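Some notes on the structure that comes next.
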Amino acid sequence: LTNTGSGDVSFTGDSGTLQLGAISQSGGGDVLINHDGFVNQTGSIDSGGGDVTVMAGTGITMAGNTTTASPGGSICYESATGDIMLGHLNSGPGNVKVDARGTGDVLNNNGDGTNVTGGEVSLFALNRIGVSDVDPITVNAGDTILVNFDASTAYLRNLGGAQIINAGSGKVSESIGRSLTGAEKGQT
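All you need for the working numbering is the position in the sequence shown, starting with 1, plus 91.
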């Protein structure tokens, strides 16, 4: 789908799996996807600077080679239940929020590539953020990274050396960026 005007792109669905292909917004309008079922993102999204919101009822999977870009706008991926598997969310200096607090995890589906680029990055999961030190969520944040999770450890690769604020119940295992190797709850 290509929108060369400045209007918004909006889709609302009620069940099943939404196969979300490429969306290109050259006029800078917002992109809103609100689907009560599962969202399978197989194409990249470029809002041209508008905000991007993808909300799903039962999980979101971005194909590993997909990017959602909102240069300077904000990006929000949220699932009421189920995991969020990330390709690359890139808002430039804008804010990014990934929220799987209902029943899910925030997981890497982009190999060794970056999962999230933004100014302030918020990652929320009922359980896991990343799987291990060799399969973390890779974040390039210009300001802060806020994490909230209930697993024993959240695994992050912190490319920009941003401050990590841990509001979760476990520790953060961090690689690359700062010399800090882990942070207990409440410490940054």
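Cβ coordinates follow ideal geometry from the N, Cα and C atoms, glycine included.
On a predicted model such as this, the values are computed, not experimentally measured, just so you know.
Where the beta strand (DSSP E) containing residue i begins and where it ends
i      : result
Ala197 : The amino acid occupying residue 197 in the given sequence is Val; Ala does not appear at that position. It spans 197-199 - the beta strand (DSSP E) in which Val197 sits, taken as one unbroken run.
Asn131 : 129-132
Ala113 : First-last for Ala113: undefined, no H or E at that position.
Glu169 : 166-170
Ile151 : 151-153
Glu211 : Run containing Glu211: none; DSSP gives neither H nor E here.
Ser161 : It is not in any beta strand (DSSP E) - Ser161 carries neither H nor E in the DSSP assignment.
Ala191 : 187-191
Thr244 : 244-249
Thr103 : 100-104
Ser264 : 262-266
Ala232 : 228-232
Ala253 : Note, Ala253: premise wrong, no beta strand (DSSP E); not H, not E.
Ile124 : 122-126
Leu177 : 175-177
Nearest candidate by alpha-carbon position, reference residue i, set the options
i      : options                        : result
Asn239 : Ala113, Asn218, Val207, Thr172 : Asn218
Leu247 : Ser264, Ile136, Asn156         : Ser264
Ser115 : Cys167, Ser266, Met153, Ala160 : Ala160
Gly221 : Gly164, Leu198, Val189         : Leu198
Asp224 : Ser106, Ala147, Ala245, Thr157 : Ala245
Asp203 : Asn249, Ser170, Gln254, Thr149 : Asn249
Asp105 : Asn125, Gly112, Gly120, Ser97  : Asn125
Ala232 : Ser213, Asp226, Ser260         : Ser213
Ala154 : Ala113, Asp127, Gly98, Gly148  : Ala113
Ser97  : Gly118, Gly150, Leu109         : Gly118
Val122 : Gly150, Gly107, Asp99          : Asp99
Pro162 : Gly120, Ser266, Asn257         : Gly120
Ser101 : Gly139, Ala216, Thr144, Val189 : Thr144
Ser266 : Ser260, Ile255, Ala242         : Ile255
Lys262 : Ala253, Ala242, Gly251         : Ala242
Gly150 : Gly259, Asn257, Leu111         : Leu111
Whether residue i touches residue j by CB criterion (8 angstroms)
i      : j      : result
Asn201 : Leu237 : no
Gly209 : Gly173 : no
Ser165 : Gly193 : no
Thr235 : Glu211 : yes
Asp127 : Gly148 : yes
Leu180 : Asn206 : yes
Asn131 : Thr103 : no
Phe215 : Ala253 : no
Is the region 183-198 touching the region 120-135 in the sense that three or more CB pairs, one from each, lie closer than 8 angstroms?
no
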